[in-house]
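First comes the structure, then the notes that go with it.
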Amino acid sequence: MRGKLSILSAATLLWVCDDAAAIDDGPRGYQLVPEGTNAITVIGLFQEGNQSFGPGTALSGADIDIDIGLVQYTRSFNIAGNLGALFVVLPAGKVSGTLHTAVGDLEGESSGIGDLIVGGVVGLYGSPALPKAEWAAYDPGLSIGLLGKVYAPTGAFSGDKIINLGADRWVGQIGLPMSYYFGTSMLDPELATLELAPSVTFFSDSGDTSQDPILTLEGHVTRNLGSRFWASLDGLYVYGGETSTNGISNGDTQESLALGGTLGVNVTPSFSMKFSYGEFVYHNTDGLDGRSFRVVSNFVF
65 MRGKLSILSA ATLLWVCDDA AAIDDGPRGY QLVPEGTNAI TVIGLFQEGN
115 QSFGPGTALS GADIDIDIGL VQYTRSFNIA GNLGALFVVL PAGKVSGTLH
165 TAVGDLEGES SGIGDLIVGG VVGLYGSPAL PKAEWAAYDP GLSIGLLGKV
215 YAPTGAFSGD KIINLGADRW VGQIGLPMSY YFGTSMLDPE LATLELAPSV
265 TFFSDSGDTS QDPILTLEGH VTRNLGSRFW ASLDGLYVYG GETSTNGISN
315 GDTQESLALG GTLGVNVTPS FSMKFSYGEF VYHNTDGLDG RSFRVVSNFV
365 F
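So the sequence shown is numbered by the numbering used here: it starts at 65 and just counts up by one.
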């Protein structure tokens, strides 16, 4: 039982900032874990499309490649009987690409450290803080949490570049991740989940440019395939983010829909991996476009 418990713990990190398209957290990103769980997560993100790394940055007529690595530390804890977690994420890597304009193509590249991400999540309903033995036997049902996330403008940025790794602005996100568990316990080898995570992202001004909030609705249907594997169908809807320059609207509201899939693997009792692919299947003129692949390695202790 001790080995089995550790294997399932590795697959159920409470919060993972996968950042494919820099706007979704991925399947099983808010699943319950025993209180006191620590996790180190390393993420590789490989993306091509019309967006830079920071949230809300869709560049119409651009072809941009992103090769980013992220390192995250997460700590779960008991807060008034509910499960909570704090996390910090440091990205680093390179973005490069071409912006197609009426006067010709403009090429750009930016590399180095990205914007630091910090935040937390706390359970509001059906998310008790439990020691390992009680967590293993818990019949979860519906779980609802409150998410808060901040991107600090610490990344590489130059006003002379058309493409930047850093965003040169503060970004905040508030979300309400919800999961419904179909299974008898957290260790059920046939455990399935239905996950919805609505969120709103806010932006500070950058120079003369301001941006309206962006609404995202992230959804996943996941299922265990025995004790070592699980799979997920993923979806993401994005709306909003119209920008204004000197108070004049640019008429560039974004609307996009992405679909994808994920395979999770429990490699050892304390180490798991996740492989995800996603692609935007619909977008308006100013919406997000492109595809991404990410590899997530998670070590729990």
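Where a beta carbon is used, it is the ideal one built from N, C-alpha and C, also for glycine. None of the values given here were measured: they were computed from a predicted structure.
| Query | Result |
| --- | --- |
| Buried or exposed by the 16-neighbour rule on C-beta atoms within 10 Å, applied to Gly125 | exposed |
| Nearest-angstrom Cβ-Cβ length linking Gly178 and Gly108, presumed shorter than 8 Å | Actually they do not touch by this definition, with Cβ atoms about 14 Å apart. |
| First through last residue of the alpha helix (DSSP H) which encompasses Ala197 | 196-201 |
| Proximity to Pro262 [Cα-Cα], best of Pro241, Met250, Ser249 | Pro241 |
| Beta strand (DSSP E) segment containing Gly239, residue limits | 235-239 |
| Check whether Gly305 and Asp272 have beta carbons under 8 Å apart | no |
| Contact the segment 196-206 vs the segment 162-181: 3+ CB pairs below 8 Å | no |
| Ala322 versus Ala156, Ser356, Trp234, residue with shortest Cα-Cα distance | Ser356 |
| Contacts around Gly161, its chain only, beta-carbon distance under 7 Å, and the 5 residues preceding and following it disregarded | Ala126, Asp127, Ile128, Asp129, Gly172, Ile227 |
| Supposed close pair Lys213, Gly187 - CB separation, criterion 8 Å | Contact doesn't hold; Cβ gap of about 16 Å is too wide. |
| Close beta carbons around Gly209, own chain, < 7 Å, minus the five adjacent residues each side | Tyr94, Val185, Val186, Gly187, Leu188, Ser191, Pro241 |
| Cβ pair Gly223, Glu259 closer than 8 Å | no |
| For Val359, the three-state DSSP class (helix, strand or coil) | strand |
| Inter-residue CB distance, Asp286 and Thr257 (contact presumed, cutoff 8 Å) | Looking at the sequence itself, residue 286 is Thr, so the reference to Asp does not match. Right, their Cβ atoms sit about 5 Å apart. |
| Contacting residues, own chain, Cβ-Cβ under 6 Å from Ser155 (five flanking each side not counted) | In the sequence as displayed, the identity of residue 155 is Pro instead of Ser. Cβ neighbours of Pro155 beyond the five flanking positions: Ile132, Leu134, Gly178. |
| Three-state class that DSSP yields for Glu343 in the structure shown | strand |
| Residue burial classification, Gly324 (beta-carbon count within 10 angstroms, cutoff 16) | buried |
| Distance between beta carbons of Val359 and Ser334, contact taken as under 8 Å | Actually they do not touch by this definition, with Cβ atoms about 18 Å apart. |
| Under the three-state DSSP convention, the category Pro192 falls into | strand |
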